[in-house]
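Asks:
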Amino acid sequence: MTTIAYREAVQRALREEMRRDPAVFLFGEDVAEAGGVFKATKGLLEEFGPTRVFDTPISESAIVGAAVGAAMMGMRPVVEVMFADFTTIAMDAIVNSAAKARFLSGGEFSAPMVVRMSYGAGARWGAQHTQSVEAWLMNVPGLTIVMPSTPYDVVGLLKSAIRSPDPVVVLENKQLYGKKEDVPDEEFFVPIGKAAVRRPGQDVTIVATGYMVDRALSAADALAAGGHSAEVIDARSVLPLDVETIVGSVTRTGRLVVVHEAPVFGGFGAEVAAAVGAQAFGYLAAPIERLGGAWSPIPFGQVLIDEYLPSEQDIVQAAQRAISA
Amino acid sequence: MTTIAYREAVQRALREEMRRDPAVFLFGEDVAEAGGVFKATKGLLEEFGPTRVFDTPISESAIVGAAVGAAMMGMRPVVEVMFADFTTIAMDAIVNSAAKARFLSGGEFSAPMVVRMSYGAGARWGAQHTQSVEAWLMNVPGLTIVMPSTPYDVVGLLKSAIRSPDPVVVLENKQLYGKKEDVPDEEFFVPIGKAAVRRPGQDVTIVATGYMVDRALSAADALAAGGHSAEVIDARSVLPLDVETIVGSVTRTGRLVVVHEAPVFGGFGAEVAAAVGAQAFGYLAAPIERLGGAWSPIPFGQVLIDEYLPSEQDIVQAAQRAISA
Amino acid sequence: MLLTRAYEDRAQELWSKGLVVESLHGSQGQEAIGVGVCYGLRPDDVIIPSLRTRAAFLVRGVSVRQFLSGMLGKATGAAKGKATAHHMGSKDAGILLGSALVGSSIPVAAGAALAFKMRDEDRVSVCFFGDGATERGDFHEGLNLAGVMKLPAVFVIENNLYAEFTPISKHFAGTSLAARAEGYGFPGVTVDGNDVLAVYDAMSEAVARARAGEGPTLLECMTYRQRGHSSSHPPTEGRDPAEVESWLKRDPILLFKAELAHRGLLGGGALALIDASVAEEIEDAVRFAVDSPLPDPAELYRDVYAPAETSEAAR
Amino acid sequence: MLLTRAYEDRAQELWSKGLVVESLHGSQGQEAIGVGVCYGLRPDDVIIPSLRTRAAFLVRGVSVRQFLSGMLGKATGAAKGKATAHHMGSKDAGILLGSALVGSSIPVAAGAALAFKMRDEDRVSVCFFGDGATERGDFHEGLNLAGVMKLPAVFVIENNLYAEFTPISKHFAGTSLAARAEGYGFPGVTVDGNDVLAVYDAMSEAVARARAGEGPTLLECMTYRQRGHSSSHPPTEGRDPAEVESWLKRDPILLFKAELAHRGLLGGGALALIDASVAEEIEDAVRFAVDSPLPDPAELYRDVYAPAETSEAAR
Ligand SMILES: Cc1ncc(C[n+]2csc(CCOP(=O)(O)OP(=O)(O)O)c2C)c(N)n1
Ligand SMILES: Cc1ncc(C[n+]2csc(CCOP(=O)(O)OP(=O)(O)O)c2C)c(N)n1
Ligand SMILES: [Mg+2]
Ligand SMILES: [Mg+2]
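Protein chains in written order, with our numbering: chain A, 5 to 329; chain B, 5 to 329; chain C, 7 to 321; chain D, 7 to 321.
So, in C-alpha cells, the structure goes:
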C-alpha cells in the first residue's frame with residue numbers, strides 16, 4: 005500500500021499504461037513541460053519523452069479531433085482538455101466523430117481514446133471553468149463517461165478507460181486533486197459500469213458523483229448521529245450507469261436521494277430518478293429527492309459558491325424528508 | 005384563417021417581427037439568396053434586403069458568437085444553424101457566452117437572440133445531420149428551448165422567442181416543414197413555458213415533443229379504437245418545462261408515457277419522468293414508460309430509421325402496458 | 007475519371023427514379039482532383055474524401071458495387087446500410103471515416119498523420135475538402151497543429167468557387183486560399199484542378215515533402231461544380247450562364263482526352279474499350295445494388311460499442 | 007500605465023495575503039497595449055479585454071475600487087460578486103462581456119461591429135487577445151467573418167511570446183501572426199507593444215480605417231509577460247534569464263518615461279505627483295474593497311433570466 009493523492013493517481017495510471025503499451029500517448033495544453041495546470045501529468049514527459057508526451061496549441065477542437073484520427077490508426081491517445089467547460093469547443097470531435105466511428109464504419113474503424121477533463125466548482129475559477137458537463141454528453145450513444153471520486157478509482161477507472169475499445173470521457177474533479185488514499189502497489193482495475201457502495205445502510209439510499217460523494221458520506225455520518233442509516237452509492241460510471249446496484253439498494257431502503265454538482269433540471273439525477281422510478285416502482289416509500297447545483301451559472305465568490313453547491317446539510321435534510329415521508 | 009405549412013410559419017413569424025422591430029435581423033448559411041436549405045426563410049431577403057437578411061461563411065461558432073455580440077449591442081439577431089447537430093460547434097457561444105451574459109454582467113448586458121436549428125431523423129441525412137439535441141442543452145441555466153410541432157406553434161413560439169429578453173433555441177423538426185394547418189390571420193403568440201393538451205383523455209397521459217406529437221396522436225386514435233382514452237400533451241417548451249400541466253394530467257390518469265426522438269438514456273424524458281415521479285408521487289398507478297430513439301447513432305437507411313424511431317405501435321404498446329399494470 | 011463521371015450520371019438517374027436514397031453531391035467537373043491526388047499515393051497512405059471526392063473512392067479500390075449499394079441503403083453498402091456512402095470509410099482502401107460536418111475531418115486527418123510520425127512510418131495522410139470548409143475553425147486549428155508538429159499530411163482544397171448556393175466571394179475576402187498556408191509555416195500551392203496531370207505533379211511533390219519529414223502542404227485545386235449543390239437542386243441554379251459555359255469547355259475529361267490525343271496515346275479504339283468496360287462495371291453494380299437485401303433491423307444495435315467479449319478481454 | 011502597474015503589484019500582494027481571491031494574470035510589462043489602444047478610441051466605441059488587458063479597464067473608466075472589490079469577491083465588484091473581475095463587462099465603460107475561453111470573445115466582438123455597421127454608426131469594436139488565442143478556431147472564423155463583411159473592428163494581439171508555460175514556437179510555425187490577416191482580406195500590422203506611442207499611432211490608423219468603412223485591422227503588439235502565467239506561478243518559471251533580462255530593459259514604463267524626459271515633459275516633479283495620486287487611488291480602493299460587504303447569497307438567483315415582468319412586457 006502507498007498513500008497517493010488523486011493527481012498522483014492520474015500519473016500512476018498513465019505511467020502503468022504507457023509502460024505496457026507503446027501505442028498509449030498523452031497530449032494536451034501544458035501537460036508536458038508544466039505537468040498540467042493541476043500537476044496531474046507531472047513526471048511523464050521525463051519518463052516517456054517528448055514523442056509520447058507533448059504540449060499542443062490552444063486548439064481543443066483539433067486536439068480531440070486528432071486523437072480520433074490517431075486512434076483510428078491504431079494508437080491509444082489520451083488527451084487532456086484542461087477544463088471540462090471546453091467540451092463546448094471539443095464536442096463535435098467527441099460526439100460526431102469519436103462516438104460514431106465504430107457505427108458509421110460498420111465496425112471497420114473505432115476510436116479507442118480517452119478524453120480527460122477537470123470539472124467542478126468549489127475553487128473560484130468562475131462560470132466558464134467550473135461546470136459539470138456529464139449531462140451534456142450522457143445522451144450520446146457510443147460514448148462512455150466515468151467520474152472517479154477517489155485516488156483508487158482514478159487509477160482503476162483511468163486504466164480501464166485507456167484499455168477500452170471505445171472512446172471514454174474521464175471527468176476529474178478539481179476539488180479532489182489533493183485528496184489522498186492508500187492504494188495497493190500491485191496492478192488493479194476498476195471496471196467501467198459498476199457503482200461502488202461506499203457505506204451500507206438501511207433507511208435511505210444516497211447516490212452521488214465525484215466531490216459530492218464526500219459530502220454524501222459526511223451527511224451519512226450526520227444522519228447516523230440522528231439515528232438514521234444511509235447507504236451511500238458512488239455512481240462512478242455515468243454511462244453506462246449501474247442501475248442494478250442502485251435499484252437493488254432502493255428496493256431495500258425505499259428511499260432515494262441523488263446528488264451531483266450540475267443543476268437538477270436535465271441533470272444526471274433525472275436519469276437515476278427515472279430509471280429507479282420505473283424499476284423500483286412499488287418499492288418507493290417516498291418521492292425521490294434530487295439535489296444539484298442551483299439553477300444559475302456557477303458564481304465566482306465563495307459565499308455564492310457555497311450557496312450554489314448542495315451542502316452536507318442539504319443532503320441531510322433531503323434524506324430526512326425522504327425518511328419521514 | 006389561412007392554411008400554411010410549417011416552413012411558411014417560420015417565414016411569417018420572421019416577417020412580422022422584422023416589420024415591427026428594425027433590430028430584428030436574420031443570418032446564417034444560405035438563408036438569404038437560397039431561402040434556406042428547407043426554404044424556411046424564403047422571400048425574406050426580397051422584403052428586407054441584404055442588410056437584414058444575409059448569408060455567412062460556414063462558421064457556426066462565429067455566427068452564433070457574433071449574434072451574442074450584436075445582441076449585447078441592442079440588436080435582436082435570429083441566426084439559423086442549418087442542422088442541430090452543429091450545436092457541437094456552436095455550443096460555446098450558446099452555453100458559455102449567450103446563456104451567461106446576463107448573469108456574468110450582473111444584468112448590465114443580456115443576449116436576446118434566437119438560434120433556429122433543424123433537427124430530427126426520418127429523412128435520410130445520416131447520423132450527423134439528424135440528431136435531437138435538446139438534452140445536450142437542457143442542463144444549462146440561462147437558456148430557453150422550444151420545440152414547436154405545428155405551424156401555429158411555429159408562428160407563436162418563434163415570435164415569443166424573438167421578443168424574449170434572453171437567448172432562445174428553437175428546434176424545428178425537419179419532418180414537419182411540409183405539415184399544413186389553418187392559422188389565424190391576426191397576430192398571435194404562444195407563450196414559452198406552456199404545454200398544449202392536444203387531445204384530452206382519462207386513461208393515460210402521453211407527453212411528446214416535435215414530430216413525435218403526431219405519432220402520439222395516431223397512437224391515441226389506435227388506443228381509442230381499443231377502448232382506451234389517452235391524453236396527449238405536446239411539451240412545446242423543453243426549458244422551461246410546463247411540469248404543472250403534465251403533473252395535473254397524470255394525477256388524473258395515473259399513467260404516463262413520454263416519447264421523443266433522442267435516445268431514452270439521459271434524454272428529455274428522464275426529466276419529465278423524474279419531475280412527475282416526485283410531484284405526482286402517490287398518483288402513479290404504473291411505472292412511467294419512456295420511449296425514444298434506439299441507443300445507437302442515427303442510421304442512414306429507411307429500414308433502420310424505422311427501427312430507430314419510436315413508432316405509433318411502440319407508443320400504443322407502452323400505453324397499454326401502463327394501463328394494464 | 008470516366009468511371010466516376012459515368013457513376014455520377016447514372017447515380018443521378020437512379021436518384022430521380024427513387025432508387026438511390028442518399029442525397030447526391032455530384033462531382034461532375036471535379037473528377038481530376040480525386041484521380042490526380044490518389045495516383046500520387048501509395049496503398050498504405052490514407053485519405054479522407056470530401057462530400058464530393060467520388061473519384062477518390064473508386065481509385066482507392068472501393069468497388070462500384072459496394073459504393074452504389076450504400077447509396078441505395080442496402081446491407082451490402084457503407085457500414086452495412088448504416089452510413090451514407092459519400093462519407094464512408096474503408097479500412098482496406100485506406101479511407102478513413104470522414105465527417106458530414108464540412109471541415110471536421112481536417113483534424114482527424116492530422117491525427118492519422120500524427121500516428122504515422124510517432125511510429126516513424128513514412129506514410130502520408132490526405133484530407134480533401136471544399137473551399138467552404140476552409141471557413142471552419144477546424145481548418146485553422148487542424149492546419150496549425152499539422153504545421154507546428156510537421157506532420158506528414160497533405161490538405162487538398164477542392165475550390166469549386168461555391169459552397170452550396172453561395173459564391174466564394176461572399177465567404178472569402180483574401181486573394182488565394184493556398185496563401186493561408188504561410189500562416190501555418192508550410193507551403194501552399196494552387197494548381198489547375200481540372201488538369202489531372204498538373205494535380206498529380208503537385209501532389210507528388212507534396213507527398214515527397216511529407217515522406218521526407220518536411221511537413222504538410224496545402225494544395226488548392228481550382229475547379230468548378232458543374233451541377234447543383236445536391237441532387238435536389240437544378241444544375242446551375244443562380245449562376246451566370248457564361249461562367250458555366252466557360253468551365254464546361256474546361257471539363258477535366260475533355261482536357262485529358264485532348265492531352266492524350268495530343269500525345270498520340272488514344273489510338274486503336276482505346277477510348278471505346280474503356281467506355282465499354284466502364285458501362286459494364288456500372289451496370290453490373292446497378293444490378294448488384296438493386297438485388298442486394300435491405301439491412302436486417304437488428305443491424306441497428308451492432309457496432310455501437312465493441313462486442314462485450316472484446317471489451318472484457320481488454321481488461 | 008503607472009496606475010495599472012501599481013494595481014497589479016498591489017493585487018499580487020493582496021493575493022499572497024489571501025485577500026484577493028481571484029486568480030491573477032499579471033499584466034506587468036504589457037501595460038502599453040491597453041493604454042495605447044484605448045487612447046485611440048472614442049467613449050462610444052467598445053472593447054473586450056483579454057485575461058491580461060488590465061490597463062484597458064482602468065483607461066476606459068472602470069474604477070479601481072470596483073475592479074479590486076471584484077477581485078476580492080465583494081458585492082461591490084464585477085456582477086455583484088458573481089463574475090471574475092478580469093473578464094467583467096461594463097456598460098458605462100463600453101466594455102463588452104468577454105469569455106474565459108481564450109479566443110471566444112473574437113466572434114462576439116465581430117458581432118458588436120456588425121451591429122454598428124447595420125445601424126450605420128461609425129463606432130468601432132476592439133478585441134484584445136493573446137498569441138495563444140490565435141490558435142483557436144474562433145480566431146479564424148471571427149476574423150474571416152469580419153473580413154468578408156468589412157466590419158469596423160480592430161483585433162489586437164498581445165503577443166507576449168508565451169501561452170501559459172509554453173513558448174510560442176511550440177504553437178506557431180509561421181513568421182508573423184499579423185501576416186495571417188492577408189488570408190482574411192485586410193491589413194495586419196506588427197508594432198512594438200512596449201512603445202505606447204507606437205501602439206497609439208498604429209491603433210489610430212486602424213480606427214480611422216474602420217470608421218471609414220474600410221474594414222478590420224489585425225494589430226499585433228509585440229510584448230513580454232514579466233510575471234508567471236498567473237499568481238500561482240513563479241515569475242519566470244522555465245525561461246531563459248537572458249531573455250527575461252533583455253525584456254525588463256524594454257519595460258514599457260521605462261521606455262515611456264525616457265521618451266517623456268527626452269521631450270522635456272517630465273519637469274516640475276510631475277512624476278512624483280502622479281505617483282502620489284496613483285498610490286492614493288490604490289490605497290483608497292484597497293480600503294473600499296476590504297470594507298465592502300460580501301454578496302447576499304440570494305444574489306445567486308438574480309440575473310439568470312430577465313425578471314418576469316420584463317419578459318411578460320415583451321409579449
Ligand atoms: C459544419 C457544417 N456546416 C454546414 C454544412 C452544410 N453544408 C453541406 S455542404 C456545404 C457547402 C460546402 O461547401 P464546400 O466546402 O465548398 O464544398 P462543395 O459542396 O463546394 O464541394 C454546406 C454549407 C455542413 N455539412 N457542415
Ligand atoms: C479555450 C481555452 N483553452 C485553454 C484555456 C486555458 N488557458 C488560460 S490562459 C491560457 C494561455 C493563453 O495564452 P495567450 O492567449 O497567449 O494569453 P497570455 O496568457 O499569454 O496573455 C490558457 C491555455 C482557456 N482559458 N481557454
Ligand atoms: Mg465549394
Ligand atoms: Mg501569450
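Ideal Cβ positions, reconstructed from N, Cα and C, are used throughout, including at glycine.
Verify the contact flag: Met-86(A), CB atom, against every heavy atom of ligand 2, threshold strictly below 8 Å.
Replies: Correct: Met-86(A) has its Cβ closer than 8 Å to ligand 2.
Asks: Could you check whether the Cβ of Ala-169(C) sits closer than 8 Å to any heavy atom belonging to ligand 1?
Replies: Yes.
Asks: What are the start and end residues of the beta strand (DSSP E) that includes Leu-243(A)?
Replies: First-last of the beta strand (DSSP E) with Leu-243(A): 241–243.
Asks: Who are the neighbours of Met-121(A) on chain B, taking C-beta pairs under 9 Å?
Replies: None at all; the shortest Cβ gap to chain B is about 14 Å.
Asks: Looking at the C-beta of Tyr-45(C), does it have a partner C-beta in chain B at a distance below 9 Å?
Replies: No, its Cβ sits nowhere closer than 9 Å to a Cβ of chain B.
Asks: Ile-93(A) and Arg-186(D): beta carbons closer than 9 Å?
Replies: Cβ distance not < 9 Å, so Ile-93(A) and Arg-186(D) don't count as in contact.
Asks: Taking the CB atoms as reference points, tell me whether Ala-285(D) and Ala-12(D) lie closer together than 9 Å.
Replies: Yes, the Cβ-Cβ distance between Ala-285(D) and Ala-12(D) is below 9 Å.
Asks: I need the DSSP call for Ile-302(A), collapsed to helix, strand or coil.
Replies: The answer is coil: DSSP assigns Ile-302(A) none of H, G, I, E or B.
Asks: Say whether the segment 33–45 of chain A touches the segment 157–176 of chain D, bearing in mind that this needs 3 or more beta-carbon pairs closer than 8 Å, one atom from each stretch.
Replies: The segment 33–45 of chain A is in contact with the segment 157–176 of chain D.
Asks: With Met-121(B) as the anchor, note down where its beta strand (DSSP E) starts and where it stops.
Replies: Taken as a continuous stretch (DSSP letters only), the beta strand (DSSP E) holding Met-121(B) covers 118–123.
Asks: Please indicate yes or no: does the CB of Glu-226(C) lie closer than 8 Å to some heavy atom of ligand 3?
Replies: No, Cβ of Glu-226(C) sits at least 8 Å from all heavy atoms of ligand 3.
Asks: For ligand 4, I want to know if Asn-150(D) counts as a neighbour, meaning its beta carbon is within less than 8 Å of at least one of the ligand's heavy atoms.
Replies: Result no, Cβ not under 8 Å from ligand 4.
Asks: For Phe-135(C), which beta-bridge partners are listed by DSSP?
Replies: For Phe-135(C), which the question treats as bridged, DSSP gives the partners Ile-163(C).
Asks: Between the beta-carbon of Ala-322(B) and the beta-carbon of Glu-293(B), is there less than 9 Å?
Replies: Cβ distance < 9 Å, so Ala-322(B) and Glu-293(B) count as in contact.
Asks: Does the distance from the C-beta atom of Ile-259(C) to that of Cys-133(C) stay below 9 Å?
Replies: Contact: no.
Asks: Using a beta-carbon distance below 9 Å, is Phe-73(D) in contact with chain B?
Replies: No, its Cβ sits nowhere closer than 9 Å to a Cβ of chain B.
Asks: How do the segment 101–115 of chain B and the segment 56–64 of chain B stand: do at least 3 beta-carbon pairs fall below 8 Å, yes or no?
Replies: Because the criterion of three Cβ pairs below 8 Å is not met, the segment 101–115 of chain B and the segment 56–64 of chain B do not touch.
Asks: Mind checking Phe-304(B): buried by the 16 CB within 10 Å criterion, or exposed?
Replies: Buried is the call here.
Asks: Using only CA atoms, which one of Glu-19(D), Glu-188(D), Leu-225(D) and Ala-61(D) lies nearest to Thr-196(D)?
Replies: Residue Leu-225(D) is the option with its Cα nearest to Thr-196(D).
Asks: Is any heavy atom of ligand 1 found at a distance shorter than 8 Å from the C-beta of Phe-90(B)?
Replies: Because some heavy atom of ligand 1 lies under 8 Å away, the Cβ of Phe-90(B) counts as near it: yes.
Asks: Taking 9 Å as the CB-CB cut-off, is Asp-186(A) touching chain B?
Replies: Chain B, which has no Cβ nearer than 9 Å to the Cβ of Asp-186(A), makes this no.
Asks: Identify each residue in the segment 302–321 of chain A for which the Cβ-Cβ distance to at least one residue of chain D is less than 8 Å, and report them in chain order.
Replies: Listed in sequence order: Pro-303, Phe-304, Gly-305, Gln-306, Val-307, Leu-308, Asp-310, Glu-311 and Tyr-312.
Asks: Candidates Thr-229(C), Gly-244(C), Ala-276(C) and His-235(C): which alpha carbon is nearest Arg-256(C)'s?
Replies: Checked all of Thr-229(C), Gly-244(C), Ala-276(C) and His-235(C); the closest Cα to Arg-256(C) is Thr-229(C).
Asks: Could you tell me whether any Cβ in chain F is nearer than 9 Å to the Cβ of Gly-111(B)?
Replies: No chain F appears in this structure, whose protein chains are A, B, C and D.
Asks: Inspect the beta-carbon positions of Phe-63(C) and Ala-85(C) and report whether they are closer than 9 Å.
Replies: In this structure, Ala-85(C) does not lie closer than 9 Å to Phe-63(C) by Cβ.
Asks: Do three or more CB pairs link the segment 109–116 of chain B to the segment 204–213 of chain B at distances below 8 Å?
Replies: Touching, no.
Asks: Nearer than 8 Å: is that true of the beta carbon of Gly-138(D) relative to any heavy atom of ligand 5?
Replies: With respect to ligand 5, the structure offers nothing, as its ligand set consists of ligand 1, ligand 2, ligand 3 and ligand 4.
Asks: Nearest by alpha-carbon distance to Pro-301(C): which of Gln-306(B), Ala-298(B) and Val-172(B) is it?
Replies: Of the listed residues, the one whose Cα sits closest to Pro-301(C) is Gln-306(B).
Asks: Whole angstroms is fine: what's the gap from Ala-27(B)'s alpha carbon to Met-76(B)'s?
Replies: Distance between the alpha carbons of Ala-27(B) and Met-76(B) is about 12 Å.
Asks: To be precise: take each residue of the segment 64–93 of chain D, compare its Cβ to all Cβ atoms of chain B, and keep it if any distance is under 8 Å. Which residues remain?
Replies: Hits within the stretch, in order: Ala-84, Ala-85, Lys-86, Lys-88, Ala-89 and His-93.
Asks: Alpha carbon to alpha carbon, how far is Val-320(B) from Leu-221(B)?
Replies: Their Cα atoms are separated by approximately 10 Å.
Asks: I'd like to know whether the C-beta of Val-158(A) is nearer than 9 Å to at least one C-beta of chain C.
Replies: Answer no: the Cβ-Cβ gap between Val-158(A) and chain C never drops below 9 Å.
Asks: Measuring CB atoms only, is the segment 7–22 of chain B touching the segment 105–125 of chain D, in the sense that at least three cross pairs come out at less than 8 Å?
Replies: At 8 Å Cβ cutoff, the stretches do not touch.
Asks: Could you spell out where the alpha helix (DSSP H) holding Ile-288(D) opens and where it closes?
Replies: Residues 276–297.
Asks: Going along chain D, which residues have a C-beta under 7 Å from Val-72(B)?
Replies: Near Val-72(B) (Cβ distances below 7 Å), the residues of chain D are Val-114 and Gly-117.
Asks: Heavy atom of ligand 2 less than 8 Å from the Cβ of Ala-106(D), yes or no?
Replies: Yes, ligand 2 has a heavy atom inside 8 Å of this Cβ.
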